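Mapping the sequence shown onto UniProt numbering, position 176 (from 1) lands on 176, and the numbers just tick up by one.
Cβ atoms here follow ideal geometry from the backbone N, Cα and C, with glycine treated the same way.
This one's a predicted model, so the numbers in the text were calculated from it and none came from an experiment.
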Amino acid sequence: MDKQSISIIRVPFGLGAGRPGSENGPDSVMKFGLVKKLQSLGYDVEADQCIRLPDGIQSPTGSKMKHVQEVLAVSGLLGEAVGKTVAAGHIPLVLGGDHSIAMGSLAGLMRHYSNMGVIWVDAHSDLNTETTSPSGNMHGISLAVGLGLSHIKLREIAEGAVPLKPENCVIIGARDLDRDEKAMIRSCGLTCFTMHEIDRLGIEKVVQEALRIAGNGTDGVHLSFDIDSVDPIEAPGTGTPVRGGLSYREAHLTLELMSEWGRITSADFVEVNPLLDRNNQTSKLAVELIGSLFGSRIL
Numbered sequence: 001m002d003k004q005s006i007s008i009i010r011v012p013f014g015l016g017a018g019r020p021g022s023e024n025g026p027d028s029v030m031k032f033g034l035v036k037k038l039q040s041l042g043y044d045v046e047a048d049q050c051i052r053l054p055d056g057i058q059s060p061t062g063s064k065m066k067h068v069q070e071v072l073a074v075s076g077l078l079g080e081a082v083g084k085t086v087a088a089g090h091i092p093l094v095l096g097g098d099h100s101i102a103m104g105s106l107a108g109l110m111r112h113y114s115n116m117g118v119i120w121v122d123a124h125s126d127l128n129t130e131t132t133s134p135s136g137n138m139h140g141i142s143l144a145v146g147l148g149l150s151h152i153k154l155r156e157i158a159e160g161a162v163p164l165k166p167e168n169c170v171i172i173g174a175r176d177l178d179r180d181e182k183a184m185i186r187s188c189g190l191t192c193f194t195m196h197e198i199d200r201l202g203i204e205k206v207v208q209e210a211l212r213i214a215g216n217g218t219d220g221v222h223l224s225f226d227i228d229s230v231d232p233i234e235a236p237g238t239g240t241p242v243r244g245g246l247s248y249r250e251a252h253l254t255l256e257l258m259s260e261w262g263r264i265t266s267a268d269f270v271e272v273n274p275l276l277d278r279n280n281q282t283s284k285l286a287v288e289l290i291g292s293l294f295g296s297r298i299l
């Protein structure tokens, strides 16, 4: 990855999740030395952007999906910030918050790029829609929104944003998929490397294939990294943990390979929940993993 300036955009928002606490994730990750880590790797770092929910935004009660207006308000502001960051030639590094904020990241990016690849590292696929969501939590539909499969469209979040192409989107690390999400993956041509494929093929082969698919003819590749992709033994501080995830070294190698590839142009790191953490283990891990994405190595 080229040594461009990195613009850290904090989004302390957690209403898209089912449990409180992810709104504290950005400040917790920053607290454990993220800026210093990135500066030590040779990057200029801007860390003054923070997207907060405006006062007075409140969704009506009684609808199946929860906090829709709040999510859309934050996503709109984030989309604007991401778009400006890209236009200025900086790398947007978005710290969530829950994974619903990725709607804003994708909207801002897809207003700027005509053809973006996406790698979605997550225990879940986030491919439910308003119709299929079992929980009504907005963080479970964010990739569906990006692909144009939801009633919510990226162009409603950022004017001019176009949907992602499923043939250039890849999920890595999935292990908790709802029935309708499985059907969606099969029908829309999206590549999904579950933990089964990672076990059989190895993480290096999976990541290399993901990079090939996401980078095939695209303008750049966005990484959306949900910390629950990592096994809860290593990352206990997250709201929807699922056993059997990426090991510590598999997670680092994933990001090291992406760094070596050099075409990751933006990233989200989401779902760190300090209220559920043990001794700040997950926040510290997030700093380490971001470091690997931006070039940190053992030797």
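Residue closest to residue i, alpha-carbon to alpha-carbon, out of the options
i: Gly-76; options: Ile-213, Gly-140, Glu-271 and Lys-153; result: Lys-153
i: Ile-171; options: Ser-133, Val-221, Gly-262 and Glu-130; result: Val-221
i: Arg-111; options: Val-82, Pro-232, His-90 and Arg-186; result: Val-82
i: Ser-296; options: Gly-89, Gly-42 and Ser-142; result: Gly-42
i: Thr-238; options: Gln-58, His-124 and Thr-131; result: His-124
i: residue 304; options: Leu-257, Ala-235, Ser-259 and Thr-240; result: Because the chain here runs from 1 to 299, residue 304 falls outside it and cannot be looked at.
i: Gly-16; options: Glu-130, Pro-166 and His-139; result: His-139
i: Pro-163; options: Glu-156, Leu-177 and Leu-147; result: Leu-147
i: Arg-155; options: Met-103, Asn-128 and Asp-199; result: Met-103
i: Ser-63; options: Ala-47, Ile-6, Ser-133 and Asp-55; result: Ser-133
CB contact flag (residue i, residue j, <9 angstroms)
i: Val-45; j: Val-29; result: no
i: Val-272; j: Gly-96; result: yes
i: Tyr-113; j: Val-94; result: no
i: Asn-115; j: Gly-189; result: no
i: Val-230; j: Asn-168; result: no
i: Leu-255; j: Ser-292; result: yes
i: Phe-193; j: Val-206; result: yes
i: Gly-105; j: Leu-78; result: Position check: residue 105 holds Ser in this sequence, whereas Gly was assumed. Against a cut-off of 9 angstroms, the Cβ pair of Leu-78 and Ser-105 comes out as a contact.
i: Ser-70; j: Ile-91; result: As written in the sequence, residue 70 is Glu, which differs from the Ser given in the question. Cβ distance not < 9 angstroms, so Glu-70 and Ile-91 don't count as in contact.
i: Met-65; j: Gly-136; result: yes
i: Ala-286; j: Gly-25; result: yes
i: Asp-122; j: Ala-174; result: yes
Residue span of the alpha helix (DSSP H) that contains residue i, given as start and end
i: Glu-159; result: Looking at the DSSP string, Glu-159 is not in any alpha helix (DSSP H), and its letter there is neither H nor E.
i: Val-145; result: 142 to 146
i: Pro-26; result: 25 to 31
i: Gly-76; result: 68 to 87
i: Leu-95; result: Premise fails: Leu-95 lies in the beta strand (DSSP E), 91 to 96, not in any alpha helix (DSSP H).
i: Met-103; result: 102 to 112
N- and C-terminal bounds of the beta strand (DSSP E) containing residue i
i: Ala-47; result: 45 to 50
i: Ser-7; result: 6 to 11
i: Val-270; result: 264 to 270
Would you check if there are 3 or more beta carbon pairs closer than 8 angstroms linking the stretch 9 to 17 to the stretch 44 to 56?
-> Because the criterion of three Cβ pairs below 8 angstroms is met, the stretch 9 to 17 and the stretch 44 to 56 touch.
Alpha helix (DSSP H) runs wholly inside the stretch 164 to 202, at least 4 long, in chain order | List check, alpha helix (DSSP H) in window: 179 to 188 and 195 to 201.
Every unbroken beta strand (DSSP E) inside the stretch 206 to 245 [3 residues or more] = Counting whole runs of 3 or more residues, the stretch 206 to 245 contains the beta strand (DSSP E) stretches 220 to 226.
Count the CB pairs spanning the stretch 261 to 275 and the stretch 18 to 28 that are closer than 8 angstroms, and state whether there are at least three.
-> These segments touch.
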